[in-house]
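Top line first, the protein sequences correspond to chains A and B.
The opening position of the first sequence corresponds to residue 1 in the UniProt record's numbering, with each subsequent residue numbered one higher.
The opening position of the second sequence corresponds to residue 1 in the UniProt record's numbering, with each subsequent residue numbered one higher.
Built from N, CA and C at the ideal position, the CB exists for glycine as well.
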Amino acid sequence: MSYTFLRRFTSATAALVFAATTTVAQDWQPEKPVEMVIMAGQGGGADRLARLFQSIIQKEKLSNMPILPVNKGGGSGAEALRYLSDKPGDNHVIMATLNSYYTTPLRTDIGVNIEEFTPIARMALDTFVLWVNADSDIQTLDDYVAAVKASGGSWKMGGTGTGQEDSLVTAMLEKEFGIDVTYVPFSGGGDVARNLVGGHIDSSVNNPSEALGFYEAGKLRPIAAFTPDRISVFPDTPTMGELGHDLVYWMQRSFVAPKDMAPEAVAYYTDMFQKLSESEEWQTYTAEKALMSEFLTGDDLQAYFLEERGKHADLLSSMEEGS
Amino acid sequence: MELIGHMMDGFATSLSPLNLMIVVLGVTAGLFIGAMPGLGSVNGVAIVLPLTFIVPPSSAIILLAAIYYGAMYGGAVSSILLGIPGASTAVATTFDGRPMAQQGKAGLALIAAAVASFVGGTISVILFTLFAAPLADIALQFGPPEEFALVLLAFTTFVGLGGDDVLKTIIMICLGLALSTVGLDLISGQPRLIFFDQPGFYSGISFLVLAIGAYGVGEILYTIETSKSAPQVTPARLTFRELGHGLKEMNRLWKTMSFGSLIGFFVGMLPAAGATPAALMAYGLAKVTSKNSDQFGKGAIEGVAAPETANNAASTGSLLPMLTLGIPGSPTTALLLGGMVMWGLVPGPMLFIEQPDFVWGLISSLYTANFAAVLVNLALIPVFVWALRMPFTVLCALVLILCIVGGYAPSQKMHDVWLIVGFGVGGYLLRKADYPMAPLVLALVLGPLMEKSFRQTLIAEQGNILAFIERPLSATFIAISAIFFLLPLLKYARGLTRSKATA
Numbered sequence: 001m002s003y004t005f006l007r008r009f010t011s012a013t014a015a016l017v018f019a020a021t022t023t024v025a026q027d028w029q030p031e032k033p034v035e036m037v038i039m040a041g042q043g044g045g046a047d048r049l050a051r052l053f054q055s056i057i058q059k060e061k062l063s064n065m066p067i068l069p070v071n072k073g074g075g076s077g078a079e080a081l082r083y084l085s086d087k088p089g090d091n092h093v094i095m096a097t098l099n100s101y102y103t104t105p106l107r108t109d110i111g112v113n114i115e116e117f118t119p120i121a122r123m124a125l126d127t128f129v130l131w132v133n134a135d136s137d138i139q140t141l142d143d144y145v146a147a148v149k150a151s152g153g154s155w156k157m158g159g160t161g162t163g164q165e166d167s168l169v170t171a172m173l174e175k176e177f178g179i180d181v182t183y184v185p186f187s188g189g190g191d192v193a194r195n196l197v198g199g200h201i202d203s204s205v206n207n208p209s210e211a212l213g214f215y216e217a218g219k220l221r222p223i224a225a226f227t228p229d230r231i232s233v234f235p236d237t238p239t240m241g242e243l244g245h246d247l248v249y250w251m252q253r254s255f256v257a258p259k260d261m262a263p264e265a266v267a268y269y270t271d272m273f274q275k276l277s278e279s280e281e282w283q284t285y286t287a288e289k290a291l292m293s294e295f296l297t298g299d300d301l302q303a304y305f306l307e308e309r310g311k312h313a314d315l316l317s318s319m320e321e322g323s
Numbered sequence: 001m002e003l004i005g006h007m008m009d010g011f012a013t014s015l016s017p018l019n020l021m022i023v024v025l026g027v028t029a030g031l032f033i034g035a036m037p038g039l040g041s042v043n044g045v046a047i048v049l050p051l052t053f054i055v056p057p058s059s060a061i062i063l064l065a066a067i068y069y070g071a072m073y074g075g076a077v078s079s080i081l082l083g084i085p086g087a088s089t090a091v092a093t094t095f096d097g098r099p100m101a102q103q104g105k106a107g108l109a110l111i112a113a114a115v116a117s118f119v120g121g122t123i124s125v126i127l128f129t130l131f132a133a134p135l136a137d138i139a140l141q142f143g144p145p146e147e148f149a150l151v152l153l154a155f156t157t158f159v160g161l162g163g164d165d166v167l168k169t170i171i172m173i174c175l176g177l178a179l180s181t182v183g184l185d186l187i188s189g190q191p192r193l194i195f196f197d198q199p200g201f202y203s204g205i206s207f208l209v210l211a212i213g214a215y216g217v218g219e220i221l222y223t224i225e226t227s228k229s230a231p232q233v234t235p236a237r238l239t240f241r242e243l244g245h246g247l248k249e250m251n252r253l254w255k256t257m258s259f260g261s262l263i264g265f266f267v268g269m270l271p272a273a274g275a276t277p278a279a280l281m282a283y284g285l286a287k288v289t290s291k292n293s294d295q296f297g298k299g300a301i302e303g304v305a306a307p308e309t310a311n312n313a314a315s316t317g318s319l320l321p322m323l324t325l326g327i328p329g330s331p332t333t334a335l336l337l338g339g340m341v342m343w344g345l346v347p348g349p350m351l352f353i354e355q356p357d358f359v360w361g362l363i364s365s366l367y368t369a370n371f372a373a374v375l376v377n378l379a380l381i382p383v384f385v386w387a388l389r390m391p392f393t394v395l396c397a398l399v400l401i402l403c404i405v406g407g408y409a410p411s412q413k414m415h416d417v418w419l420i421v422g423f424g425v426g427g428y429l430l431r432k433a434d435y436p437m438a439p440l441v442l443a444l445v446l447g448p449l450m451e452k453s454f455r456q457t458l459i460a461e462q463g464n465i466l467a468f469i470e471r472p473l474s475a476t477f478i479a480i481s482a483i484f485f486l487l488p489l490l491k492y493a494r495g496l497t498r499s500k501a502t503a
């Protein structure tokens with residue numbers, strides 16, 4: 001009897017120990033501050049959004065360790081991509097992405113294959129709007145096209161680095177309307193908006209969040225939105241579709257991690273962003289700033305990334321043919 | 001008056017016991033962070049940012065402002081005592097601060113730096129209070145051509161006024177510019193100068209790595225060699241009498257400090273320019289206008305006061321585009337911007353209208369932070385000076401450790417440590433050949449800004465190079481640059497004619 005008791009006791013202890021270790025494994029938590037690499041410079045749309053995520057995580061205590069945003073915007077995000085690919089297996093670094101996540105490795109051979117990275121979560125899709133300075137005479141898309149044509153190619157369109165989203169949207173515009181603009185690259189969307197207000201460039205395709213402050217101050221005027229439906233904060237701004245032009249473009253806002261991140265860590269971050277996406281603050285923000293919040297994780301997200309990469313490869317090659 | 005009412009409300013917030021305590025704590029912490037080579041206001045603000053959730057937003061921004069100011073004061077300490085600029089903004093302080101310390105006048109140099117920082121900070125906060133809104137519009141006038149012209153001006157200040165040997169200065173600027181192109185090109189996204197295919201070069205060469213290598217390690221190697229024969233540092237003492245003497249000295253420098261503050265504030269206010277060119281220009285101007293300009297670079301007290309007023313004034317100035325336009329003028333203000341977003345404040349044109357409590361609370365806290373910083377700083381000077389009295393064998397090892405840790409900490413890459421070693425040896429050799437280090441490190445900081453704005457202008461203007469002189473603001477800057485650049489030539493020509501006359 002005592003033997004059975006002993007055996008039962010040991011197996012019970014074994015079970016307990018086993019249970020304890022598995023809980024530890026499931027409850028993986030960061031052991032030091034987590035670096036949040038941002039693929040863009042300070043003050044732009046990507047940067048502001050990443051910092052907002054950080055603040056919500058901190059306020060709602062979604063992470064036991066602080067999240068430290070680090071800007072690595074050099075070379076259209078190539079700096080950040082290189083950085084992440086040099087940290088395989090690191091459980092304490094995540095990266096906030098934008099569309100240069102696909103376009104930069106497509107355009108430049110920086111020795112980075114995005115298929116190797118670990119997808120975490122897609123938080124939102126950002127929108128694009130065509131902007132002009134509020135002092136200009138341009139009120140409608142027709143005015144705009146006429147003005148660009150009249151300028152004979154010297155129309156200055158400001159945007160982020162060549163080959164990045166803004167330049168793709170610009171290329172789409174050029175193709176659709178048969179116009180020709182001079183594209184001036186800046187280091188961030190915030191810079192672009194300031195230069196448009198200062199009159200150093202003639203138009204931009206800023207994300208709403210980048211231009212909203214100036215719009216509210218009456219300095220910038222939205223002409224048309226590159227969305228299927230009107231953006232709620234600009235109810236009077238028509239979509240390109242309404243005006244008879246099939247131009248829609250999204251900017252994805254997602255998080256990825258280095259390759260070979262431990263599955264427990266992936267689960268931790270996925271859960272963290274899931275909670276974040278359900279938070280009231282994030283819901284309010286997406287409504288105010290005209291973001292589409294469509295949460296996506298895991299294999300679905302990877303499939304989305306690869307599909308988008310294919311689309312952008314086509315876009316880029318048609319852009320190169322055009323120029 | 002509306003303004004006075006706003007200020008009174010602001011002071012009511014910033015002078016509460018909790019906030020006063022926060023200011024003193026923040027300033028002291030900032031001072032030490034700034035005094036460490038390798039750490040600066042960016043690191044200080046970054047470390048403290050998450051802690052600010054435990055206090056109300058108005059107290060949080062006061063804490064950050066206090067650290068920001070404290071670190072700006074502290075930056076001068078490492079420049080003067082060790083000759084290692086902890087941040088690019090403090091490079092100009094080494095020109096005269098280091099010679100002063102070597103002459104045993106470290107205490108006086110530190111007093112000069114503290115008082116100058118206080119004056120610069122105060123004048124700029126007053127300008128900020130009075131003119132914040134209208135000045136935001138001037139910042140908007142600055143497009144790529146103006147940015148280029150401004151950086152060019154900062155460079156020519158150097159060539160025309162800085163070193164004794166113009167050729168060597170130009171060679172070092174070119175070397176710095178070449179190093180600044182390492183990494184990925186901003187405009188095209190293509191990699192450039194990736195030596196030996198080392199991935200570490202993709203992110204470029206950071207100022208800190210070059211400064212710590214060339215100044216810190218290079219200086220140690222040089223001192224080890226020279227100190228064999230002669231003792232290098234005269235031990236400095238600091239008494240109340242000296243403090244009084246120092247304050248009296250500073251009283252003569254009102255002109256230098258006023259110019260420094262004005263330049264600092266205006267240049268700092270311009271997006272993307274910041275405190276580094278401001279400190280340089282203030283140094284250059286002080287040298288031109290000073291009666292004993294031949295003493296500059298050999299331990300002139302004006303040479304410490306001018307850049308220190310300017311870099312503190314610039315740190316206030318750079319808050320202006322951040323608050324009014326939502327565009328940070330420096331990495332530190334970018335972090336502050338992040339903090340504001342966290343507290344639900346939207347920087348931009350509407351902030352002054354929608355959140356007056358916050359804005360004026362911040363402005364009034366700048367006054368208190370500045371005041372606290374000068375007091376804490378003066379009180380700590382004996383501690384800093386005491387550090388210099390350590391035996392050289394101990395100090396040398398300590399500084400070397402600080403250099404390596406400070407170089408590794410921000411990026412945590414061994415790549416950077418190897419670079420520091422390399423730059424240290426290179427810097428030592430160049431120093432032996434009498435090449436100045438400052439143009440090298442400043443070219444690295446200003447080079448990318450210059451290249452970017454130059455190319456943006458040419459793209460926007462269809463390759464028309466005359467665009468730089470067709471706009472009034474940039475034309476003015478370029479004209480002043482041309483004068484500065486030609487100044488040594490004129491002096492040389494005058495010297496020739498004079499020597500002919502005497503012959």
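- In this structure, DSSP gives D246(A) a state outside helix and strand, which the three-state scheme calls coil.
- By the Cβ neighbour-count rule, P263(A) is exposed, with fewer than 16 other Cβ atoms within 10 Å of its own.
- Under DSSP, F255(A) forms a beta bridge with A96(A), A121(A).
- Taking one beta carbon from each stretch, the stretch 196-206 of chain A and the stretch 122-133 of chain A have 3 or more pairs nearer than 8 Å; the two touch.
- Comparing alpha-carbon positions, the option among I194(B), L490(B), L458(B), L366(B) lying closest to V24(B) turns out to be L366(B).
- If you compare the alpha carbons of M8(B), R252(B), I263(B) with that of L153(B), the shortest gap goes to I263(B).
- Around the Cβ of A493(B), a 10 Å sphere holds fewer than 16 other Cβ atoms; the residue is exposed.
- Contact annotation for K72(A) against chain B: S203 [CB-CB distance below 9 Å, chain order].
- Interface with chain B (8 Å Cβ-Cβ cutoff): R230(A) is excluded.
- Residues of the stretch 244-267 of chain B whose Cβ lies closer than 9 Å to any Cβ of chain A: none.
- Bridge partners of E35(A) according to DSSP: L68(A), V93(A).
- Closer than 8 Å to the CB of K289(A) there is not a single CB belonging to chain B.
- Residues of the stretch 442-463 of chain B with a C-beta less than 8 Å from any C-beta of chain A: K452, Q456, I459, A460, Q462, listed in chain order.
- Interface criterion met: the Cβ of P191(B) is under 8 Å from a Cβ in chain A.
- Within its own chain, the residues whose Cβ lies closer than 8 Å to the Cβ of L400(B), once the five positions on either side in sequence are excluded, are G216, V217, I220, listed in chain order.
- Under the Cβ criterion (8 Å, minimum of three pairs), the stretch 99-112 of chain B counts as touching the stretch 371-383 of chain B.
- Every alpha helix (DSSP H) of 4 residues or more that sits fully in the stretch 180-211 of chain A is shown, in chain order, as 189-197.
- The residues T256, F296, A300, E302, in chain order, have a CB closer than 8 Å to that of S290(B) in the same chain once the five nearest residues on each side in sequence are set aside.
- Taking S206(B) as reference, the option from A397(B), S16(B), L440(B), K287(B) with the minimal CA-CA separation is L440(B).
- With 16 or more other Cβ atoms inside 10 Å of its own Cβ, W360(B) counts as buried.
- Taking all protein chains in view, the Cβ of F196(B) is surrounded by fewer than 16 other Cβ atoms within 10 Å, so the residue is classified as exposed.
- Listed as beta-bridge partners of G159(A) by DSSP are P185(A).
- Per DSSP, reduced to three states, the secondary structure at W360(B) is helical.
- Between P56(B) and chain A, the shortest Cβ-Cβ separation is not below 8 Å.
- In the displayed model, N312(B) falls within a helix according to three-state DSSP.
- For L130(A), no alpha helix (DSSP H) segment is defined; the enclosing uninterrupted segment is the beta strand (DSSP E) at 129-133.
- M350(B) belongs to the set of residues whose beta carbon lies under 8 Å from a beta carbon in chain A.
- The continuous stretches of alpha helix (DSSP H) do not include R221(A), which lies in the beta strand (DSSP E) extending over residues 220-225.
- At least one C-beta of chain B is nearer than 8 Å to the C-beta of A217(A).
- Along the stretch 141-169 of chain A, the positions whose C-beta sits under 9 Å from a C-beta of chain B are G153, S154, K156, G158, G161, T162, G163, Q164, read in chain order.
- Burial state of P472(B) is exposed, judged by a 10 Å Cβ sphere holding fewer than 16 other Cβ atoms.
- Contact with chain A is found for P144(B), since one of that chain's Cβ atoms lies less than 8 Å from the residue's Cβ.
- At a cut-off of 8 Å, the C-beta of S188(B) has a neighbouring C-beta in chain A.
- The C-beta of R253(A) comes no closer than 8 Å to any C-beta of chain B.
- A buried status is given to Q252(A), since no fewer than 16 other beta-carbon atoms sit within 10 Å of its beta-carbon.
- Classified as exposed, Q274(A) has fewer than 16 neighbouring CB atoms from the shown chains inside 10 Å of its CB.
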